[in-house]
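Chemist: Under the numbering used here, the first residue of the sequence shown is numbered 158, with each subsequent residue one higher.
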Amino acid sequence: MKLLRIDSSARLSSVSRQLTGRFVQAWQKEHPQGTVIERDLTATALPLITDEFVQAMHTNSATLTAEQKKVLAISDALVEELVQADTIVIGAPMYNFAIPAPLKAWIDQVVRAGKTVLFSASGPQGTLQGKNVYVVTSRGGAFRPGTPTERFDYQEPYLRHILAFIGLTDVTFIHAENQKPGAQGEVARQAALAQIQQSAREPLSSAV
Numbered sequence: 158m159k160l161l162r163i164d165s166s167a168r169l170s171s172v173s174r175q176l177t178g179r180f181v182q183a184w185q186k187e188h189p190q191g192t193v194i195e196r197d198l199t200a201t202a203l204p205l206i207t208d209e210f211v212q213a214m215h216t217n218s219a220t221l222t223a224e225q226k227k228v229l230a231i232s233d234a235l236v237e238e239l240v241q242a243d244t245i246v247i248g249a250p251m252y253n254f255a256i257p258a259p260l261k262a263w264i265d266q267v268v269r270a271g272k273t274v275l276f277s278a279s280g281p282q283g284t285l286q287g288k289n290v291y292v293v294t295s296r297g298g299a300f301r302p303g304t305p306t307e308r309f310d311y312q313e314p315y316l317r318h319i320l321a322f323i324g325l326t327d328v329t330f331i332h333a334e335n336q337k338p339g340a341q342g343e344v345a346r347q348a349a350l351a352q353i354q355q356s357a358r359e360p361l362s363s364a365v
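Written out as structure tokens, the structure is:
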């Protein structure tokens, strides 16, 4: 069993990092023989998409030049981490109602035509099925469904859609809301920790 932990917060002591760390601890307790892969996106050189990247991505792997292979090297490594993982936990603080730039850069590297998503006459089909994904967020406010502020959440709807696009459809969001100073942040953190403990015990998804 392999767990892939992905962090994207700019702050090393952030709420999202604390919570993904607790998820790892809970998961290791349930899977003492399991392996944890750590991916800190703020410590990873994540290039922006370029014309060279697009050209290489659409080139047959058998005919890639040495330079094209170099362009795709980081993307290949990140995709392989996803392929190898049985469970994925993503730390995603809300920045300006959306996701951090490093997390978006990671998404641009792992959404790969011909690799993580296949296109046919029937439409796109993601290739990464059968994995459990947990997205742990930290937010300054509250954006629960049915509330007036729900429409300002550009974080969960986007992540749920793009993850499903590459086949990751079994996705659970664990929100630590009201983390701004003066809000009831501790109550939300404790609720998130309780959900983390339960999630770490869940069996591997059979979704396809």
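Glycine included, every Cβ here is placed at the ideal spot set by N, Cα and C.
Opposite His-332 in the DSSP bridges: which residues?
Modeler: Thr-294
Chemist: Just how far apart, CA to CA, sit Glu-359 and Glu-224?
Modeler: Roughly 43 angstroms separates the two Cα atoms.
Chemist: Look at the alpha carbon of Val-228 and the alpha carbon of Glu-209, and state the distance between them as a whole number of angstroms.
Modeler: Rounded to the nearest whole angstrom, the C-alpha separation of Val-228 and Glu-209 is 7 angstroms.
Chemist: Quickly, what does DSSP pair Gln-282 with across the bridge? List them, please.
Modeler: Bridge partners of Gln-282: Leu-275.
Chemist: Could you compute how far the alpha carbon of Val-365 sits from the alpha carbon of Gly-324?
Modeler: In this prediction, Val-365 scores a pLDDT of 48, lower than 50, which makes its location untrustworthy; the coordinate-derived value is nonetheless stated afterwards. Taking the straight line from one Cα to the other gives about 8 angstroms.
Chemist: DSSP three-state label for Lys-288, please.
Modeler: coil
Chemist: Given a cut-off of 9 angstroms on the beta-carbon distance, is the pair Ala-348 and Gln-336 in contact?
Modeler: no
Chemist: Would Thr-326 and Gly-283 qualify as a contact pair, given that the criterion is a beta-carbon distance under 9 angstroms?
Modeler: yes
Chemist: By Cβ distance, which residues of its chain are closer than 8 angstroms to Ala-321, with the 5 residues on each side in sequence left out?
Modeler: Gly-283, Val-328
Chemist: Please classify Ala-351: is it buried, with 16 or more other beta-carbons within 10 angstroms of its beta-carbon, or exposed?
Modeler: The residue in question, Ala-351, is exposed, as its Cβ has fewer than 16 Cβ neighbours within 10 Å.
Chemist: If distances are taken between C-alpha atoms only, which option among Thr-294, Thr-244, Thr-216 comes closest to Gln-286?
Modeler: Selection Thr-294, Thr-244, Thr-216 evaluated against Gln-286 yields Thr-244 as nearest (Cα-Cα).
Chemist: Look up Arg-168 in the DSSP assignment and say whether it is helix, strand or coil.
Modeler: coil
Chemist: Could you have a look at Pro-302 and say whether DSSP puts it in helix, strand or coil?
Modeler: coil
Chemist: DSSP has Thr-192 in a bridge; who is on the other side?
Modeler: Lys-159
Chemist: According to DSSP, what are the bridge partners of Ala-348?
Modeler: Partner(s): none; Ala-348 has no beta bridge.
Chemist: Could you tell me if Gly-248 is buried or exposed, where buried requires 16 or more neighbouring beta carbons within 10 angstroms of its beta carbon?
Modeler: buried
Chemist: Quick check for students: name the residue ranges of the beta strand (DSSP E) that lie wholly in the stretch 178–230, counting only runs of 3 or more.
Modeler: With a minimum length of 3 residues, the continuous beta strand (DSSP E) runs that stay inside the stretch 178–230 are 192–197.
Chemist: Going by the beta-carbon positions, is the gap between Ser-165 and Pro-302 smaller than 9 angstroms?
Modeler: no
Chemist: Is the distance from the Cβ of Glu-334 to the Cβ of Ala-299 below 9 angstroms?
Modeler: A contact, by the Cβ cut-off of 9 angstroms.
Chemist: Does DSSP put Gly-248 in a helix, in a strand, or in coil?
Modeler: strand
Chemist: Count the other CB atoms, across all protein chains shown, that sit within 10 Å of the CB of Gly-180; report buried if there are 16 or more and exposed otherwise.
Modeler: For the record, residue 180 in the displayed sequence is Phe; it is not Gly. By the 10 Å Cβ count, Phe-180 comes out buried.
Chemist: Taking C-beta to C-beta, are Gln-182 and Gly-191 nearer than 9 angstroms?
Modeler: no
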